[in-house]
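These notes are about the structure you will find just below.
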Amino acid sequence: MNESLPTRRLVRRLLFVVIGMFGFGFLLVPIYDVMCQAFGINGKTAGAYTGVQTTDEARAVRVQFLATNAAGMRWEFGPLADQLSVHPGASQEIRFVAYNPTDKPMTAQAIPSVSPSRAAAYFHKTECFCFTQQVLQPGERIEMPVRFIVDRDLPADVHNLTLAYTLFDITSRQPPVAVNATSAPAKESLQ
């Protein structure tokens, strides 16, 4: 009976550790969001925007565009222009180009981020290739549009925004779906 008491204590402590790990796992996403907001990083953008705004011609905001590939993604990927000067409230379009230089079909998903993060709520995408998965055949090149509006309510001290995309290879995780962009086969790179 004396050996049973320490064993029960150990089992009880281990059970609390397991419950604590599950609790921490469920709280991890909200904790991450709070930390990102506190430190001003990882500006998440919302889904498709359907509102209407008037244009503020008296103000110009510079929007820079960045594109990176996640580890293991072999596509060439980038914007056709590095930056645009936009008037808040006006609808704008930028195109990104993706090229699959491999010898196999691949599926990708782009994840957007806006910096500074406090400006993410004022950057509205009305159309974006990031809303859907992109499938490219070997040697295929596509142009993918992003239509967006910088909200008129963007704080006056924000003069520059950066829209960054990270492209992930999800070929092994998802069955291929239809491409939602204009495509044209090509054998040349983006350069």
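For the sequence shown, the numbering used here assigns the number 29 to the initial residue and increments by one for each residue that follows.
The beta-carbon is built from N, C-alpha and C at its ideal position, and this holds for glycine as well.
Query                                                                                                           : Result
Simplified DSSP assignment, three categories, for Ala-148                                                       : helix
Proximity of His-115 and Glu-85 at Cβ, strictly below 8 Å                                                       : yes
Distance, Ile-122 Cα to Gln-92 Cα                                                                               : 10 Å
Pick from Pro-166, Ala-147, Ile-170 that is closest to Val-186, judged by C-alpha positions                     : Ala-147
Inter-residue CB distance, Gln-165 and Asn-128 (contact presumed, cutoff 8 Å)                                   : 7 Å
Nearest-angstrom Cβ-Cβ length linking Ile-177 and Gly-117, presumed shorter than 8 Å                            : 7 Å
Assigned secondary structure, Leu-182 (DSSP; H/G/I helix, E/B strand, else coil)                                : coil
Glu-121: first and last residue of the uninterrupted beta strand (DSSP E) it sits in                            : 119–127
Backbone secondary structure at Gly-100 - three-state DSSP                                                      : coil
Sequence-distant residues of the same chain with beta carbon closer than 6 Å to Thr-83, five excluded per side  : His-115, Gly-117, Ala-118
Environment of Ile-59 [buried if 16+ CB atoms lie within 10 Å]                                                  : exposed
Local conformation of Ser-200 per DSSP, three classes                                                           : coil
For Gly-106, three-class secondary structure by DSSP                                                            : strand
Other residues of its chain near Ala-98: CB distance less than 6 Å, five sequence neighbours each side excluded : Thr-194, Phe-196
Ile-47, DSSP secondary structure in three states                                                                : helix
Arg-36, DSSP secondary structure in three states                                                                : helix
Run of the beta strand (DSSP E) containing Ala-86, from where it starts to where it stops                       : Neither: Ala-86 is in no beta strand (DSSP E) and is coded neither H nor E.
Inter-residue Cα distance where the pair is Leu-43 and Phe-124                                                  : 50 Å
Element boundaries [beta strand (DSSP E), containing Gln-162]                                                   : 162–164
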